[in-house]
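Numbering (our numbering), first residue to last: 305 to 459. Just so it is clear, CB atoms sit at the ideal spot from N, CA and C, and this is done for glycine as well. For reference, the structure discussed in these notes is given below.
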Amino acid sequence: MKFSTKEDVEAPIDAVFAMLCDFESFERSAMRRGAEVQRVDQMKVPGTGMTWRVAFDLRGKRREMELEMVTFDKPNEMVLESTSPGLLGQMSFELMPLSRSRTRILVELEVKPLNLSARLLVQSLKLAKNSITRKYKLRVAEHAKAMEERYSRSV
305 MKFSTKEDVE APIDAVFAML CDFESFERSA MRRGAEVQRV DQMKVPGTGM
355 TWRVAFDLRG KRREMELEMV TFDKPNEMVL ESTSPGLLGQ MSFELMPLSR
405 SRTRILVELE VKPLNLSARL LVQSLKLAKN SITRKYKLRV AEHAKAMEER
455 YSRSV
């Protein structure tokens, strides 16, 4: 199952990529929503090999996963892979400069089931794909708007 959307941000590509690399703020945001997030690697500089362990409740069940940065091509692309007992996921952020002060972000999320219970979960998601896609696009648009505002305050 795959979701994708694109948003244009009124900020240079380097600034947008730097905001996407603010992993501490993403960790705090996830913790505010009830997830447990633990950074596993010892890397000082963002790059391939960064790893997190994440645990959260979804549909009344505790879910655990490991996230790993598998591609880090500054300032063009970032790919995170998630592994959990039943699902494999991949989230990619691809950036394209439209002008010196405008950047397009393509955000894709793909989820693949590994066992029967995960297949049932993905199947139930497929039944609600339209509403999930709408929410996904809305969240990405909200995040892009927040990045624009954050950039305009910093200039």
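Distance, residue j Cα to residue i Cα
i      : j      : result
Leu429 : Leu399 : 28 angstroms
Leu391 : Val459 : 41 angstroms
Phe360 : Glu340 : 6 angstroms
Leu431 : Lys365 : 20 angstroms
Arg404 : Arg337 : 35 angstroms
Cβ distance (whole Å) where residue i is taken to contact residue j below 8 angstroms
i      : j      : result
Met373 : Val358 : The pair is not a contact, with the Cβ atoms about 14 angstroms apart (cut-off 8 angstroms).
Phe307 : Tyr440 : 5 angstroms
Leu384 : Leu371 : 5 angstroms
Run of the alpha helix (DSSP H) containing residue i, from where it starts to where it stops
i      : result
Gln346 : No alpha helix (DSSP H) holds Gln346; DSSP gives it neither H nor E.
Val426 : 420 to 431
Sub-9 angstroms separation of residue i and residue j beta-carbons
i      : j      : result
Pro288 : Thr407 : Examination of residue 288 is not possible in this model, given that the chain is present from 305 through 459 alone.
Ala448 : Asp312 : yes
Val411 : Thr309 : yes
Arg461 : Trp356 : Nothing about residue 461 can be reported from this structure: the residues present for the chain run from 305 to 459 only.
Met323 : Arg454 : yes
Glu314 : Glu452 : yes
Residue i versus the options, residue with shortest Cα-Cα distance
i      : options                        : result
Thr352 : Arg438, Thr375, Cys325, Met451 : Thr375
Asn481 : Val426, Lys365, Cys325         : What the structure shows of the chain is the stretch from 305 to 459, and residue 481 is not part of that stretch, so it cannot be assessed.
Pro417 : Gly393, Ala450, Ser456, Gln342 : Gly393
Boundaries (first-last residue) of the beta strand (DSSP E) holding residue i
i      : result
Ser403 : 391 to 403
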